[in-house]
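Take a look at the structure set out below.
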Amino acid sequence: MRMHEGSAGPEPWRPLPLEALPQLPPLDLAVVGHVEVVSFVAVEHLPRPGEIARGEALLELPAGGGAVVAVQLARLTGRPVTLITALGRDAVGRQAERQLQELGLSLQVAWRDAPTRRGISFCDRSGERTITVIGERLAPAAADPLAWAALEHADGVFVSAADAAALQRARRARCLTATPRVRLPLLRQAAVRLDALIGSGLDPAERCEPGDLEPQPRLLIRTTGAAGGEALPGGRFLALPLQGPVIDAYGAGDSFAAGVTAGLAAGWSPQQAISLGCHCGRACLGALGPYASQLRL
0 MRMHEGSAGP EPWRPLPLEA LPQLPPLDLA VVGHVEVVSF VAVEHLPRPG EIARGEALLE
60 LPAGGGAVVA VQLARLTGRP VTLITALGRD AVGRQAERQL QELGLSLQVA WRDAPTRRGI
120 SFCDRSGERT ITVIGERLAP AAADPLAWAA LEHADGVFVS AADAAALQRA RRARCLTATP
180 RVRLPLLRQA AVRLDALIGS GLDPAERCEP GDLEPQPRLL IRTTGAAGGE ALPGGRFLAL
240 PLQGPVIDAY GAGDSFAAGV TAGLAAGWSP QQAISLGCHC GRACLGALGP YASQLRL
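Take the sequence shown: its letters are residues 0 to 296, numbered as in numbering that gives the first Met the number 0.
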C-alpha cells in the first residue's frame with residue numbers, strides 16, 4: 000500500500016486490517032495527563048433554547064484525554080498502565096481515583112486544593128457529542144513528588160497535560176507522543192522532539208501546522224472524523240467503515256491516539272500505528288461513554 004508525502008497525494012490510503020498488523024510485544028507504557036469527571040447524557044436531540052429535554056440515559060465516569068488514552072493502552076497490551084495526573088482533594092477526585100484503579104490503571108496523583116474538573120457530554124441519536132467543562136484543567140508538574148523517574152524506562156509515553164519540565168522528563172522514554180491540547184506555547188517552551196503530535200483537524204484548539212514547533216514532530220497527525228485524517232509525512236488516510244451505529248463519539252480521538260502511541264512504541268511503521276489507531280477510534284464509537292466498547296486485543 001503506497002503512502003503519499005504531504006497532503007498532495009491524490010488518493011488517501013486505507014488503514015490495514017487488524018489481522019495484517021504485527022502482534023504487540025510486552026510494552027511498558029505511561030500517560031501524563033488530565034482527568035475530568037464527565038456526566039454522559041444520551042438525548043434524542045440537543046436541547047433548543049428554552050426547551051426542557053428528556054434524557055434517555057445517564058453515566059458518570061472519570062474521563063478526559065489522559066484517562067481515556069491510559070485505559071485504551073491497558074486494554075491493548077493487557078498490562079497495567081501508569082497514569083500521572085492531578086485531581087482535586089475532594090470527594091469527586093477521590094471517587095475518580097477509585098474508578099480509574101478499577102479500570103486497570105496504576106495511578107500517580109498530585110492532589111490539589113482546587114476542585115476536580117467536571118464536564119457534561121450530551122450525546123444525540125446521531126452519536127455526536129457536545130461537551131461543557133466546568134472548572135480548570137488540573138495538570139501534573141515536574142515538581143510534584145511523583146514517579147517521574149519511571150518514565151526513563153518506558154517504551155512509550157503519551158502526554159495530554161503537563162508543564163514544560165514534565166514534558167522534558169517524559170522525553171526520556173523511548174517514544175513520546177502528545178496532543179496539541181498540551182498547548183503549543185508550552186510545547187515550544189519544552190523544546191523536545193515528539194515522535195508524534197496527534198490532534199483533531201476539526202478542532203481549532205488542536206490545530207498545529209508544520210513549522211509551528213521546533214524541533215518539529217517526527218509525525219504530525221490531524222484527524223478529520225468520518226473523513227479519516229492526514230499524516231505528515233504519510234499523506235491522507237481514510238476512516239474505517241462503521242461496523243454498527245455510532246452511539247457516542249466521546250473518546251474516539253483519544254482512543255485513536257492510544258493506538259498510534261502503542262504502535263509507535265512497539266517500533267511499528269507509522270502506517271501500521273495509524274491503522275491500529277483507526278481500529279481503536281472506531282471501536283470506541285459503539286457505546287455511551289469512552290470505555291464500554293474500547294478495543295481489546
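Note that the Cβ used here is the ideal one computed from N, Cα and C, for glycine as well.
- Three or more Cβ pairs closer than 8 angstroms define a contact, and the segment 121-132 falls short of that threshold against the segment 104-111.
- When the five nearest sequence neighbours on each side are left out, the beta carbons in the same chain lying within less than 7 angstroms of the beta carbon of leucine 239 are those of Pro14, Cys277, His278, Arg281, in order along the chain.
- In this structure glycine 155 touches leucine 28 by the C-beta definition: roughly 5 angstroms separates them, less than 8 angstroms.
- In this structure, DSSP gives proline 179 a helical state, which the three-state scheme calls helix.
- In the DSSP annotation of this structure, the continuous segment of the beta strand (DSSP E) that includes arginine 235 starts and ends at 234-236.
- C-alpha of aspartate 162 to C-alpha of valine 181: approximately 9 angstroms in a straight line.
- Annotation for cysteine 122: the continuous beta strand (DSSP E) segment containing it runs 117-122.
- In terms of Cα proximity to leucine 57, the closest of Ala286, Val67, Gln271 is Ala286.
- Between valine 68 and alanine 226, the C-beta gap is not smaller than 7 angstroms, which leaves the two residues out of contact.
- Per DSSP, glutamate 96 is not a residue of any beta strand (DSSP E); the alpha helix (DSSP H) it occupies stretches across 90-101.
- Cβ atoms of leucine 263 and alanine 272 come within 8 angstroms of each other, at about 5 angstroms.
- Scanning Gly198, Ala177, Arg295 for the CA closest to the CA of alanine 189 turns up Ala177.
- Sequence-distant Cβ neighbours of leucine 102 in its own chain, meaning closer than 7 angstroms and more than five residues away, are Val70, Tyr290.
- Residue nearest to histidine 33 within the set Pro139, Leu183, Cys283 is Pro139 (criterion: CA-CA distance).
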